[in-house]
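Going by our numbering, the sequence shown opens with residue 1, and the numbers climb by one from there. Heads up, the beta-carbon is just placed ideally off N, CA and C, and yes, glycines get one too.
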Amino acid sequence: MRKRLAALGTVVALLTVACGSGEEPEPVSVTVPDTLEWITPEELTGKLSAGGAAVVNFWASWCGPCRAEAPVLRRAHEEYGEKVRFIGVAVDDAPADAFAFMESHGIAFENYLSEGNQMMAQFEAFGIPFTVFTDTAGEVLYVHRGIIDEGTLSLWSDELSRLG
């Protein structure tokens, strides 16, 4: 009986820690643009080769992993946005849904709308989220398929600082 109580106590303790304090996240206040433009692969290539290192994130409002990585990208933009250009591309998303996503996650960096297949094929990606890191000449340094988390970002923090 004592073993069962000890095991139950351990489970309760783990659940308490895993669930957090129950505090609401701090609201984010940003200015979301009034319009989102559609972009083609060629136009994106032009923007990337116009100069400056960039982090290009492909996302959709209906994508769970995209929602999970949004706060990490927001913080990265806040930290490195003066040195590195951040661009978001909403793939196969309705403009109203993209606006709502950006507003709710505090995404203030430049974003565009795109029909997914052509844009994704350009970077040999077949799912979202994915993120492309480019150098100052617009050359692709790295394509990250999947969610960007704090660990992934910390691996690139020195590179982002150097590129800017």
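_Rounded straight-line distance, which links the Cα of Pro129 to that of Gly146_ = For the purposes of this step, residue 146 is taken as the residue at position 146 of the sequence shown. For the purposes of this step, residue 129 is taken as the residue at position 129 of the sequence shown. Gly146 and Pro129: Cα-Cα distance of roughly 5 Å.
*Whose CA, out of Cys66, Pro65, Val143 and Lys83, lies closest to the CA of Thr136?*
To locate residue 136, count along the sequence shown from 1; it is residue 136. For the residues Cys66, Pro65, Val143 and Lys83, the minimum Cα distance to Thr136 belongs to Lys83.
*Taking DSSP as the reference, what is the three-state secondary structure of Phe101?*
By one-based count along the sequence shown, residue 101 stands at place 101. Helix, per DSSP.
_Reference Gln118, options Tyr80, Ser49, Leu36 and Ala90, closest by Cα_ = The count along the sequence shown starts at 1 and reaches residue 118 at position 118. Checking every option, the nearest Cα to that of Gln118 belongs to Ala90.
*Starting from the C-beta of Leu113, find all residues in its chain whose C-beta is less than 8 Å away, skip the five residues before and the five after it, and write them out in chain order.*
The residue given as residue 113 occupies position 113 in the sequence shown. Leu36, Glu37, Trp38, Ile39, Val89, Ala90, Asp93, Pro95 and Ala98.
*Beta-carbon proximity of Phe133 to Val55, cut-off 9 Å*: If you number the sequence shown from 1, residue 133 lands on position 133. If you number the sequence shown from 1, residue 55 lands on position 55. In this structure, Val55 lies closer than 9 Å to Phe133 by Cβ.
*asked:* Taking its Cβ as the centre, do 16 or more other Cβ atoms sit within 10 Å of Arg162, making it buried, or is it exposed?
replied: Sequence index remark: in the sequence shown, residue 162 carries index 162 (1-based). With fewer than 16 Cβ atoms within 10 Å of its Cβ, Arg162 is classed as exposed.
*Pull up the distance between the alpha-carbon of Ala53 and that of Cys63, whole angstroms please.*
Looking up residue 53 in the sequence shown gives position 53. Looking up residue 63 in the sequence shown gives position 63. Looking at the two C-alpha atoms, the distance is approximately 26 Å.
*In or out: Asp149 buried (at least 16 other Cβ within 10 Å) or exposed?*
One-based indexing of the sequence shown puts residue 149 at position 149. It counts as exposed.
_Tell me whether Leu155, by its Cβ, gets closer than 8 Å to a heavy atom of the ligand GDP._
For the structure depicted, the ligand GDP is absent and the ligand set is empty, with no information on it obtainable.
*Is it the case that the Cβ atoms of Glu124 and Leu141 are separated by a distance below 9 Å?*
Stepping through the sequence shown from its first residue, residue 124 is reached at position 124. Stepping through the sequence shown from its first residue, residue 141 is reached at position 141. No, they are not a contact pair.
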